[in-house]
Structure formats: C-alpha cells, structure tokens
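So the protein sequences, as listed, match chains A and B. Counting along the first sequence from 1, when you hit position 10 you're at 10 in the working numbering, and nothing is skipped either side. Counting along the second sequence from 1, when you hit position 148 you're at 1148 in the working numbering, and nothing is skipped either side. Data block below; observations after.
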Amino acid sequence: MNEPAKRNDESPAPSFLGTLVLVFAAIAALFAFDTMMANAEHAEDQAEAQRLFTEGQQLARQGRNSEAVEKYRGALMIRREDRHYRLALARTLMASGKPVDAESAVEEVLSRDSLAVTGIF
Amino acid sequence: VEEVSSQPSRKTRVSRWFEGLRNENQLSLVLSLIIGAVVGLVIVAFILLTGRLAARMYPPGGAGWRRILVPTLGSLITGFLLYRYFPNARGSGIPQTKFALFVENGRIQFRTVIGKFFCCAGSLASGIALGREGPSVQIGAGLASVIARRLGLSSERVKMLVPVGCAAALAAAFNTPIAAVLFSLEEILGDLHAPVLGSVVLSSATAWMVLHLVLGDDPLFHVSGYRLVHPAEFAIYALLGVVGGLGSVCFVKLLLALRKWFMGLPRTTAWIHPVAGGLTVGIMGFFVPEVLGVGYNYVERVLNGDLVLHTVVILIVLKIVATAVCYGSGNAGGIFGPALFIGAMIGGAVGSVAHNLLPAITATAGAYALVGMGAAFAGIVRTPLTSVIMIFEVTRDYTIIVPLMIANLISFFISFKLQRQPIYEALADQDGVHLPSSRSRTQPLRFQVAQAMREPPGILPVDMEVGEAAERARRNVADALPASDSRGLLGMISKWELESAIAQGNSKKTLADLILARTSAHDSEFPHVHPDHGVEVALERMGTTGLNVLPVVSRASVRRLLGVVTFEDIMEVYGLLRMREVAKE
C-alpha cells in the first residue's frame, strides 16, 4: 500500500500555485530575453557576412583570388543558404583554376536548380 | 464516510486542478514540460551570452596580447568567485549532478545554479579551453531540483526530476534530443530502463523545441555527406578507434594527474589555481588562436576538410594539454566539447594520412574527423551508445554510422582496458566522494548496512602512542578501532597490528606512523562500507580484510565516519543471533 510521500522540508512549502505562476513568468521573461539576444546576434551575423562578401568581391576584382576565396568561405560559414555567395565563390575558384572545388561549392545549388550556375562553367 | 470539504465552492476550477496535480502521477509529466521549457530557455541564454561575450573579448584577428590577458584575467575573476561564493560550481558539473542525485536526495542549491551560469559564461567567454555542455547539465539539473523543491515535492520526486533537467539541458546545449535522453539514462542514472524515461523524453523534446523556436533549425556542425568508399576503409576506421582510444586515455590520465597535483597545493591558494589554466591557454592562444574557447568553428572546419595536417596535429597536442590544465586547475567548464574537438582533430590527422597514402580507396579527412569525434567521446566520457547517437544528431549524417560504431567500440574497449575508472567516477573519487556503482544502485537489497550499523566505539586519535592504543583495544570486543585526525577518519587500526608493533619494539610510535607506513606500502584508501550498501558487501569486505568490524562512512566524504558495522550486527539483522540464543536455552 502506498503511503503519502514525506515532504522534502519540514518548513511549510511555498504556495504551489504561486510557484507555478512564478515559473510561467520566468518562462515568458526568458523567452523575451532569448529572442532579443538571438535577433541581435542574427543581425550582427548578417552584417558580418555581408562585410566579408563585399571584401571578397573587392579582392576578386583586384585579382587576389585566394584571399577572396577565404572571405567568401567566411561569409558562407554564416549564411550557408545564400546562393549569391556560393556562386561568387565558385566563380572565383574557377578563375583560380580549381574547377573541381568550384563544382563542389555549387553542388547544392545545382541539385536545386541546374540553370542557376550558367556562365560559371 | 467521506469527509466533505466545507470550502470547495470557493475554489476556482483552475486552482482545484493544480491542487489535484499534487497527488497525481501526471504532475511529473506536466513538470517535465515546464522544466523542459525553463531549462531550454536558460541554456539558450547561456549559449548566446557565452558566444556574444567571447566574440567581444577575443575577436578573430584581434591583438595577440589580448589573447593572453583575457583568459588570465577571466580565470582570475571566476576563480575568486568560485572559491569565495560558489565552491560547488567548479569543474564540469556531471559528477556534482550525480552526487546531488545519489547522495543529496537531488538537492542542488539555486546559488550553485547561478554561480555555474555566470562563472562558466565568464570563463568560457574569456577563452578557457573547456566546454559548455557539462555545466549546462548541472544548470538543468539544478533548475529542476529548485522548481521541484519550491513546489514542495517529496525527496523521491525531486530525485526523479533531476535527470529530467539534465536531458533538457543537453538537448538544448548540443541540439541532440535523442542523445540527451540516452545520456541521462546511460551516464547520470546508469540505467537505460529507468522508470523516468517518459518524463526525460518529454523534457528533452520540449527543450529542443524551445531551442528551435529561438535559434532555428541548424545542426551543431554542418558536414558534407560522407560514405564508405571501399570496404578496406573499415580497417582504417578500426585503426582510428585505436588511436582515438589511446588519445582518450592520455587526455584522461593527464587531466587526473594535474588535478591531483593542484589538489595537493595549500587550500588557501585554491582561488588562484585557475589562473594557471588561464595563463597556459593564453600563451598557447597567442601563437595558435584556435586553441582558445570551445573551438566548434574549427571542429566544423576539420569536418569539412579545411584544416591542413600540421595544424591538426598541433591542435591535438595543444588542446589536450590546455583542457587538462584548465580543468585540473579548477576552472569552471566541461570536457564534452574538448572531447569532440580532440576527437575531430585526431580523426582529421588519421584521415589526412590515409587519404594521402590511399586516395583511391579512402574518403577525405572530414569523414575520419567525424568518426574520430565519436571515438574520442566514447573513450573519454565512456558512453558508447550516447556517442553514436550524438554524432549522428550533431551532424545529421547517417551514412557513416557503421564505421562510427566500430571505431567507438574499439576506442571504448582500449580506454576501459588502460583506464579502468571512468573519468567522472575518478573525479568524484579525487574529491573523496564515492558514487554508488550502477550495479549497487539496481541490485535489490534485503538488508542495508544502515540497518545493521552502530555508533562507533572509542575513536583513537592518530597522535596516540601504540602502547596506549593497544591497552584501549584490549578492553574492546571489536577487532579494530577507528583512528582519526582533525580532518576525519584515517583508517581502522586492528588489534594484531598494534600487538605486532609492540612486539617489534614500536610501542612509543604514534598511530599516524603505523597508518603512514601501511598506506605508503599499499593504497591511501582503507576498507569501508557506505550506509546504502547491502550487508552482503560488508560481509564480503570483512572476508577480504580479515576484520570483524568495518567503518561506515559517508558517500560525500570517505573521511566522515558515520558508525561501524560488526559481524555480530549483520548476524543480528538476519536474526541468526536470536536463533543461537534460542538453541542454547
């Protein structure tokens, strides 16, 4: 036969309902805080990716392809899904004489849309 | 006749429902959801805070001196806070969580949770080479414990909710809901069939959903789809398992040795020990910035084959040393992340060599880095099942699962052979804490030592002379008496030990001399039992040691004497002494 479980502390337990209300308030506050932090981080990441991409474009225009590739790769680490970044990387890799790397860089884009890379190869 | 409450009409339907929850099993399920949400949100805040602080403290391409100064200062500040205000928030958090679960009835203070959150965020953001997952587990377990106790639940329910918090934390920290469930059962509870499975799954799933809601659907590491290129690769993956296992053993042994050394230093200097870790990692980071912090960016790079062989080899050595020094010196942070880092680098190195030698029949280095992560995790943390599922979840790559299982098992086996005690158990042991083994936890006990033990007989001070101690022992029926100093129990002194010392003309020596001679010749541990041991364990140990009395000590500290248990006491609980008396009559 199950006996009622003994309470953890001898002191009177805080209000059950009050504690639940406190927990739900904490959930709401934490959610707001996390969302704010995540949005701020997202905005910073986007700006950083754009900065790297722009620097990459400038380097590519100057013919400094290996440095441009590094910048593009950095931008792609942040914005993986960005088709423009990926195509720019592939173009620069092609210009550096690395067609195999260029192909693997746009593999994912190719699998979605085979016409997307017209003009690269 | 049922007693009818005089006031039910005043209660709202909602409050009656909550009241009803107090006595229902469904409370556990509702609390699992709540704990999953709270822990998930707190861990997401922890990840975001650590990442954003780190990006500001030692930004990529920043001045070299910053990479020395920031970890040194960070470890100095957090070291002082840990020493002065949050002593339970040091280290990883996994042994502390197990200790709270099995020894303290699931009790983790809110202060420890706060200390763990801020000290870990500070130390990890300043570049200390430790991980965030172990601390997350303690934070999650602590929050579950605090919520359950605030709701006035029984100790049993509090204990049941601790693994629920652990699973939620790991699911959010690693983005691995299945591995989180397995880890809670395999490592924290040590029982894959634990009755809390349902609650653990619910909280893990809730935390995972919270993570996705806030941070989106991204795996921890993005990797290309790898597959087995040729059946001969199995041999290379097996070799990777061997190398991963050996690397794991080196890491664990170095970490334990350094920690033991730091623990041997005067206790008053403990606040400054973490600076040794901060300075070491800072100097390393000055030359090789990749060694700073958790280093998941570099794990992703090696997983995609973007790091060259010599960098990878340097990182293996530096990360092993940096993590061992940071952890050993008492910084706050875990070893999950470093285990994955070290494993990925070991795999990357083996894979690079293999691919250079046999390009036609091997995958690129990234595939080996992926398998290496699992191998090192299995070797260091010793949870082979969790490690396979975890690698699958962090990469979402299923195609490499069979080589991963082979390498994991080989690494686990080698690690088990060369370092018998798992790392978390060894860390607890160094603290004088004896966690119950999974066997002793699951074994049904008829009688426990607690039922048979008695108050300790006269305790002998260790500065007492052998002659005087022998006099006292002769007046006592027990074969041995406990001897202690100001810090607690040092061991048991048997009558024959005392008599033989007198026979050798050593009656003027102190008991401390006797104990010192004995421990230096054999082991610093002395035979003992814990109150939750079965009496069979006590009988077995009496048989091994030849003593008819054993000290009963706390699991929290082997030096805390709770009582003694004698052979007669054990016979008494079985009712055998009464039978003998009846037979005599």
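All C-beta atoms in this analysis are idealised placements derived from N, C-alpha and C, irrespective of residue type, glycine included.
Since residue i sits in a beta bridge, which residues does DSSP pair it with?
i, result
"residue 1552 of chain B", "B/1529, B/1563"
"residue 1460 of chain B", "B/1483"
"residue 1494 of chain B", "B/1480"
"residue 1510 of chain B", "B/1465"
"residue 1091 of chain B", "B/1332"
"residue 1096 of chain B", "Residue 1096 of chain B is not bridged to any residue."
"residue 1475 of chain B", "DSSP output for residue 1475 of chain B lists no bridge partner at all."
"residue 1454 of chain B", "B/1564"
"residue 1448 of chain B", "B/1534"
"residue 1489 of chain B", "B/1484"
"residue 1131 of chain B", "B/1334"
Hey, residue i and residue j are a contact pair by Cβ (cut 8 Å); roughly how many whole angstroms apart?
i, j, result
"residue 1237 of chain B", "residue 1384 of chain B", "Residue 1237 of chain B to residue 1384 of chain B, Cβ: 15 Å. No contact."
"residue 1203 of chain B", "residue 1173 of chain B", "The Cβ separation is near 13 Å, so there is no contact."
"residue 1164 of chain B", "residue 1106 of chain B", "So it is not a contact: roughly 11 Å between Cβ atoms."
"residue 1547 of chain B", "residue 1494 of chain B", "6 Å"
"residue 1040 of chain B", "residue 1211 of chain B", "6 Å"
"residue 1430 of chain B", "residue 1560 of chain B", "The pair is not a contact, with the Cβ atoms about 16 Å apart (cut-off 8 Å)."
"residue 1048 of chain B", "residue 70 of chain A", "Contact flag wrong, Cβ pair sits at about 27 Å."
Could you check whether the Cβ of residue i sits closer than 7 Å to any Cβ belonging to chain A?
i, result
"residue 1034 of chain B", "yes"
"residue 1101 of chain B", "no"
"residue 1367 of chain B", "no"
"residue 1044 of chain B", "yes"
"residue 1150 of chain B", "yes"
"residue 1215 of chain B", "yes"
"residue 1038 of chain B", "yes"
"residue 1041 of chain B", "yes"
"residue 1522 of chain B", "Because the pLDDT at residue 1522 of chain B is just 46, under 50, the model does not fix this residue reliably, and the point stays unresolved."
"residue 1002 of chain B", "Low confidence applies to residue 1002 of chain B: its pLDDT is 42, below 50, so where it sits in the model is not reliable, and the reading given next is rough at best. Cβ-Cβ to chain A under 7 Å: no for residue 1002 of chain B."
"residue 1592 of chain B", "Lying before the first or after the last residue shown, residue 1592 of chain B is absent from chain B, which here runs from 1001 to 1585."
"residue 1575 of chain B", "no"
For residue i versus residue j, is the C-beta spacing smaller than 7 Å?
i, j, result
"residue 1284 of chain B", "residue 1315 of chain B", "no"
"residue 1450 of chain B", "residue 34 of chain A", "no"
"residue 1489 of chain B", "residue 1460 of chain B", "no"
"residue 1492 of chain B", "residue 1551 of chain B", "yes"
"residue 1333 of chain B", "residue 1130 of chain B", "yes"
"residue 1052 of chain B", "residue 1058 of chain B", "no"
"residue 1362 of chain B", "residue 1229 of chain B", "yes"
"residue 1146 of chain B", "residue 1099 of chain B", "no"
"residue 1407 of chain B", "residue 1380 of chain B", "no"
"residue 1311 of chain B", "residue 1183 of chain B", "no"
"residue 92 of chain A", "residue 75 of chain A", "no"
"residue 1479 of chain B", "residue 1510 of chain B", "no"
"residue 1223 of chain B", "residue 1395 of chain B", "yes"
"residue 1573 of chain B", "residue 1549 of chain B", "no"
"residue 1411 of chain B", "residue 1369 of chain B", "no"
"residue 1466 of chain B", "residue 1498 of chain B", "yes"
"residue 1335 of chain B", "residue 1126 of chain B", "no"
"residue 1366 of chain B", "residue 1304 of chain B", "yes"
"residue 950 of chain B", "residue 1033 of chain B", "Residue coverage of chain B in this structure runs from 1001 to 1585, which leaves residue 950 of chain B outside it and unanswerable."
"residue 1141 of chain B", "residue 1108 of chain B", "yes"
"residue 1179 of chain B", "residue 1525 of chain B", "no"
"residue 1291 of chain B", "residue 1322 of chain B", "yes"
Step through the CB atoms of chain B and report whether any lies within less than 7 Å of the CB of residue i.
i, result
"residue 16 of chain A", "yes"
"residue 78 of chain A", "no"
"residue 37 of chain A", "yes"
"residue 53 of chain A", "no"
"residue 92 of chain A", "no"
"residue 106 of chain A", "no"
"residue 89 of chain A", "no"
"residue 59 of chain A", "no"
"residue 23 of chain A", "yes"
"residue 8 of chain A", "For residue 8 of chain A, the predicted structure reports a pLDDT of 48, less than 50, and the residue's modelled location is therefore unreliable. A value from the coordinates is still provided. Answer yes: the Cβ-Cβ gap between residue 8 of chain A and chain B drops below 7 Å somewhere."
"residue 34 of chain A", "yes"
"residue 110 of chain A", "no"
"residue 101 of chain A", "no"
Quiz item: Is there contact here, the segment 1525-1541 of chain B with the segment 1499-1509 of chain B, by at least three beta-carbon pairs under 8 Å?
Solution: no
Quiz item: Does the pairing of the segment 1108-1123 of chain B with the segment 1133-1150 of chain B give three or more beta-carbon distances under 8 Å?
Solution: Cβ pair count under 8 Å is three or more, so yes.
Quiz prompt | Inter-stretch contact at 8 Å, needing at least 3 Cβ pairs: the segment 1343-1358 of chain B / the segment 1370-1384 of chain B | solution = The segment 1343-1358 of chain B is in contact with the segment 1370-1384 of chain B.
Exercise. Give a yes or no on contact between the segment 1110-1118 of chain B and the segment 1268-1288 of chain B, applying the rule of three or more CB pairs nearer than 8 Å.
Key: no
Exercise. Inspect the CB distances between the segment 1190-1204 of chain B and the segment 1347-1361 of chain B and report whether three or more fall short of 8 Å.
Key: no
Quiz item: Does the segment 1250-1258 of chain B touch the segment 1416-1426 of chain B, meaning 3 or more C-beta pairs lie closer than 8 Å?
Solution: yes
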